[in-house]
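Some notes on the structure that comes next.
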Amino acid sequence: LVDLCHGASKEAGLAINPTTPIDRLVSLAPTLDEILVMGAEPGYSGKAMTPAAVRRVWEIHGRWPERTIGFDIGVNAETIPELKQAGVTRFCAASAIFDAKDPTEETKRLMALL
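Going by my numbering, 439 is the number at position 65 of the sequence shown; the sequence numbering is gapless.
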């Protein structure tokens, strides 16, 4: 599947849930363009990220520093600086934007943190 994506000039990425051992990435990580770290088990929008999520980002970034790291679940103005420092360069911020009083202004605020 990764080769199919690359053959079509597309990026290939893989999401990793909080309970998935990072060692499961060993064989695939060198072929991926992005590793998407889930900050909590997927479900509904508005969940907080788990305390171990940032440590997982640090570990993944340390093992595969050339990979783009994305992050989903729990992304907001309070968590972006720490996630960015750990190595995240792509952020998925749904509820932080859509639950805001002024989504346009919140988007600008979040973008300024990147």
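Heads up, the beta-carbon is just placed ideally off N, CA and C, and yes, glycines get one too.
Check residue i in the structure and name its three-state DSSP category.
i	result
residue 447	coil
residue 393	coil
residue 442	strand
Is residue i buried or exposed, if buried means 16 or more other CB atoms sit within 10 Å of its CB?
i	result
residue 375	exposed
residue 423	buried
residue 465	buried
residue 400	exposed
Please report the Cβ distance between residue i and residue j, rounded to the nearest whole angstrom; I am assuming they are in contact, meaning their Cβ atoms lie under 8 angstroms.
i	j	result
residue 487	residue 454	4 angstroms
residue 448	residue 421	6 angstroms
Excluding the 5 residues flanking residue i on each side, which residues of the same chain have their C-beta closer than 8 angstroms to its C-beta?
i	result
residue 387	406, 407, 408, 409, 410, 442 and 444
residue 402	376 and 388
Relative to the C-alpha of residue i, which residue among the options is closest?
i	options	result
residue 429	419, 412, 416 and 467	412
residue 416	432, 425 and 393	393
Closer than 7 angstroms by C-beta to residue i: which residues in its own chain qualify, once you throw out the five before and the five after it? Chain order, please.
i	result
residue 380	386
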